[in-house]
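Final position of the sequence shown in UniProt numbering is 417; the numbers increase by one with none missing. Cβ atoms here follow ideal geometry from the backbone N, Cα and C, with glycine treated the same way. Here is the structure we will look at.
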Amino acid sequence: MRGTLTELILSKHVKEGRVEPGEVITARVDRVIFHDLTGYHVIEVMEKAGKTEPWDPSKIVVAFDHLVPAPTVRAAEVQKKTREWALKHGVIFRDVGHGILHQVVVDEGLVEPGQVVIGADSHTNTAGAVGAFATGMGASDVAYAALFGEVWMRVPEPIRVELKGSLKPPVTTKDLVLKMLGDHGAGFANYKALEFVGEAVKTLSIEDRMTVANMTTEMGAKVGLFPSDEVTIDYYQSLGKSVKRLEPAPNAEYTDTLEYDLSSLEPMVAVPPRVDNVKPVTEVEGVEVDQVFIGSCTNGRLSDLEAAARILKGRKVHPRVRCIVIAASRKIYEEALKRGIVEVLTEAGCLVTWGTCGPCIGGHYGVLGPDEVGVFTSNRNFRGRTGHPTAKTYLASPYVAAASAIEGKIADPRRYL
């Protein structure tokens, strides 16, 4: 695996200065992240170990996002415990109202190319969009990383994903990841490192890349990595930060290669109850919808809200449909306000807010009832994920979701552009 992003990053985080696929290593950690729900369990592990002082508070990020604002007394109790720990130890803490953890760390430049990032959430992979080796782990591993600044793991085998062509609206990177899942099945990259390269990568924004890296989790991947290129460097410059280029060697060694032409993609939909039961939108058009959710750590970014507004401008949400739009962070929401996007969405009949996972986990802010059907831009649709066990959730892009909100049934967005 010489010359891969995985090798380049991990080799700089071990004493030996080199790593091999399958090798169990102890790696230095640059950042540890967790949220309100998982943070509670991480802190419990620390307390049982008799040690709660983190090795470096400036390297720990806690953001409340899953059940915010707290919808139950139990959620409030969990948040109170995690909040008290965060404030006591002086870690980087983002309370209710800042945003979804995976968005906040990128918004604020708290993760950077070449870092090893450990998170108590399976979608920690999202930070791979900026070239960080970011992966989710359980509470025990995350607690250890927070206490000692290191973690053990098996080095994943790298798979090269070659991207060519370019996206043409209403096709997005959500359609790319759904296509990959449909082609290969959920878990096809189990404990592998998916590295995205090729001529098309430079055409993808950081937001585009975040959607892809996010859903490598559904593919079973340990990480989903993009290079740090001009797009990445420009993004961090906009934050007042300077980062280095990080790209795989031209002769990098991979265990497998996949190829995708972005120009040939079409709007896709994942049909419940599986994320890999994927069909073109034309094959599922007409399914009646009760609720549309545009948001989550997968598709709650500014470009996603812009896509929805492009479809909904001058139109109305179907009277039978509840359309909930949740920006992934306050930063995104504020920019959407400035650009008039929030106004377009609210005039169309959407409920718009920011900073909560809400409907994605069936926690609150739009839980599906018995036999209800939802079109969600999130990342999971298994039985009971978004509400009642008999509810059904179709996964799609913001374009498909917005078109479906208008028609009250799953709809092809191409006729609205």
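Option in the options with minimal Cα separation from residue i
| i | options | result |
| --- | --- | --- |
| Ser205 | Ala129, Trp152, Arg274 and Glu218 | Ala129 |
| Arg320 | Thr172, Asp290 and Val344 | Asp290 |
| Gly198 | Lys164, Asp175, Glu218 and Ala189 | Lys164 |
| Cys357 | Thr346, Gln103 and Ser303 | Gln103 |
| Gly114 | Val105, Phe133 and Leu101 | Phe133 |
| Asn190 | Gln237, Lys88, Val155 and Val105 | Val155 |
| Gly119 | Val42, Lys174 and Leu176 | Val42 |
| Lys313 | Asn379, Ala348 and Glu334 | Ala348 |
| Val29 | Met137, Thr4 and Glu84 | Met137 |
| Leu305 | Arg322, Ile332 and Val287 | Ile332 |
| Arg315 | Arg330, Thr346 and Ile233 | Thr346 |
| Lys279 | Glu44, Val116 and Val269 | Val269 |
| Arg380 | Glu157, Thr216, Lys244 and Asp229 | Thr216 |
| Glu335 | Ile233, Glu84 and Leu302 | Leu302 |
| Lys168 | Lys12, Pro267 and Pro370 | Pro267 |
| Ala76 | Val151, Val287, Arg330 and Tyr40 | Tyr40 |
| Ile159 | Arg414, Arg322, Gly374 and Asp256 | Asp256 |
| Lys59 | Lys12, Ile92, Ser378 and His13 | Ile92 |
Beta-carbon proximity of residue i to residue j, cut-off 7 Å
| i | j | result |
| --- | --- | --- |
| Tyr416 | Ala405 | no |
| Leu262 | Ser166 | yes |
| His364 | Pro71 | yes |
| Glu372 | Ala391 | yes |
| Pro54 | Ala146 | yes |
| Pro359 | Phe293 | yes |
| Val111 | Ala127 | yes |
| Glu283 | Arg2 | no |
| Leu395 | Phe382 | no |
| Asp412 | Leu265 | no |
| Pro248 | Leu10 | no |
| Val116 | Ala221 | no |
| Val61 | Val105 | yes |
| Val281 | Ala309 | no |
Residue-chain proximity (residue i, chain D), Cβ-Cβ < 7 Å
| i | result |
| --- | --- |
| Val352 | No chain D appears in the structure shown, which is made up of a single protein chain. |
Rounded straight-line distance, which links the Cα of residue j to that of residue i
| i | j | result |
| --- | --- | --- |
| Glu259 | Glu285 | 28 Å |
| Gly22 | Gly408 | 49 Å |
| Glu108 | Leu239 | 7 Å |
| residue 418 | Arg339 | An answer regarding residue 418 cannot be provided, because it is not within the stretch 1 to 417 covered by the chain. |
| Gly362 | Pro250 | 44 Å |
| Gly366 | Lys15 | 48 Å |
| Val231 | Lys241 | 13 Å |
| Arg74 | Gly387 | 18 Å |
| Ile410 | Ala307 | 16 Å |
| Thr38 | Val201 | 33 Å |
| Gly90 | Lys51 | 16 Å |
| Lys88 | Leu101 | 20 Å |
| Val161 | Asn125 | 16 Å |
| Arg18 | Thr203 | 32 Å |
| Gly69 | Arg83 | The question names Gly, but residue 69 in the sequence shown is Pro. Their backbone Cα atoms lie some 13 Å apart in a straight line. |
| Gln237 | Val243 | 8 Å |
Residues bridged to residue i (per DSSP)
| i | result |
| --- | --- |
| Trp152 | Thr26 |
| Val223 | Ala193 |
| Val291 | Going by the sequence as given, residue 291 is Gln instead of Val. Note: Gln291 sits in a beta bridge opposite Arg322 and Gly374. |
| Lys164 | Asp261 |
| Lys409 | Glu288 |
| Phe93 | Val62 |
Determine contact between the segment 268-279 and the segment 175-194, defined as no fewer than three beta-carbon pairs at a distance below 8 Å.
-> yes
For the segment 312-327 against the segment 351-369, are there 3 or more C-beta pairs whose distance is under 8 Å?
-> yes
Mind the definition here: the segment 196-214 touches the segment 296-309 only if three or more C-beta pairs lie below 8 Å; say whether that holds.
-> yes
Quick check: the segment 193-203 against the segment 215-225, are there 3 or more CB pairs under 8 Å?
-> yes
Contact between the segment 53-65 and the segment 88-107: three or more CB pairs below 8 Å?
-> yes
With contact counted as at least three CB pairs below 8 Å, one residue from each stretch, are the segment 22-41 and the segment 130-146 in contact?
-> yes
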